[in-house]
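Chemist: Quick one: the structure is below, questions incoming.
Numbering (this note's numbering), first residue to last: 9 to 207.
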C-alpha cells in the first residue's frame with residue numbers, strides 16, 4: 009500500500025504482473041496491492057482475503073472511511089493505464105471488463121485493527137526488486153525449458169525404440185541371425201555322410 013500519491017505512482021510503475029490493485033470507487037483512497045500466490049487467479053480471490061483488502065482500502069480513504077455502503081474496485085495491475093496527462097497517482101484501465109467490484113457495507117474495526125497490528129513499513133528499491141524478479145523468472149523458465157527438452161528427448165527415444173520393435177526389418181534381421189546361428193550350431197558332417205543321405 010502506498011503511503012501517499014507519490015508512493016502510489018511508484019507502485020503503479022513497478023507493480024508485478026501477479027499483483028491485484030484495489031481502490032475505493034469514485035473517491036480518493038490508498039492504492040492497495042495484493043501479490044497473488046503462485047497458481048491463484050485474481051478472479052478467484054478467497055472471500056476473507058477480498059474482505060481484508062476492501063476494508064484496508066476503505067480505512068485508508070479520508071472520505072470513504074466516514075461513509076457506509078461503498079464500492080471497492082479491483083483489477084490486475086497490468087490492466088492499469090497511465091498516460092502523461094494524468095495527475096500523480098491517477099490511473100484508468102485498459103479494459104473495463106477486467107475490473108471487478110465488491111461491496112463494503114461498513115467499516116469492520118476488528119479487521120482493520122488486526123491488519124494495522126501486522127502492518128510493516130519499509131523502504132523498497134523497486135528497480136532492484138524488478139531486476140531480481142526478472143532474473144528469478146528467467147531462471148525458472150530456463151529450468152522448465154531444459155526439463156521439457158529432456159522429457160521430449162526421452163519420449164523420442166522411447167518412440168524410436170517402440171517403432172524399431174514393431175518394424176519388419178528387424179524381424180527379417182532376427183530370422184537371418186537365427187538361421188546363421190542354426191548353421192553354426194549344426195554338427196559338421198563328412199562328405200561321405202552327406203553322400204550316403206542321397207543314396
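Just so you know, even glycine gets a beta-carbon here, dropped at the ideal spot from N, CA and C.
Anyone know if the C-beta pair for residue 32 and residue 65 falls short of 7 Å?
Modeler: Yes, these two residues count as a Cβ contact at 7 Å.
Chemist: Can you find the residues in the same chain that come closer than 7 Å, C-beta to C-beta, to residue 58, ignoring five residues on each side of it along the sequence?
Modeler: Only 110 meet the Cβ criterion.
Chemist: Using the rule of at least 16 other Cβ atoms within 10 Å of the residue's Cβ for burial, across every protein chain shown, is residue 63 buried or exposed?
Modeler: Residue 63 is buried by the Cβ-count criterion.
Chemist: Using the C-alpha atoms, what's the distance from residue 129 back to residue 19?
Modeler: Computed Cα separation, rounded: 14 Å.
Chemist: In chain order, what are the residue ranges of uninterrupted alpha helix (DSSP H) at least 4 long that sit wholly in the stretch 47 to 97?
Modeler: List check, alpha helix (DSSP H) in window: 55 to 67.
Chemist: Let me know the secondary structure DSSP gives residue 27 once reduced to three states.
Modeler: Residue 27: strand per DSSP, three-state reduction.
Chemist: If you drop the 5 nearest sequence neighbours on each side, which residues of the same chain put their C-beta closer than 6 Å to that of residue 53?
Modeler: Same-chain partners within the cutoff: there are none.
Chemist: Pull up the CB-CB distance for residue 41 and residue 134, whole angstroms please, since I reckon it's below 8 Å.
Modeler: Residue 41 to residue 134, Cβ: 12 Å. No contact.
Chemist: Would you say residue 90 and residue 99 are within 7 Å of each other, going by their C-beta atoms?
Modeler: Their beta carbons are under 7 Å apart, which means residue 90 touches residue 99 by this criterion.
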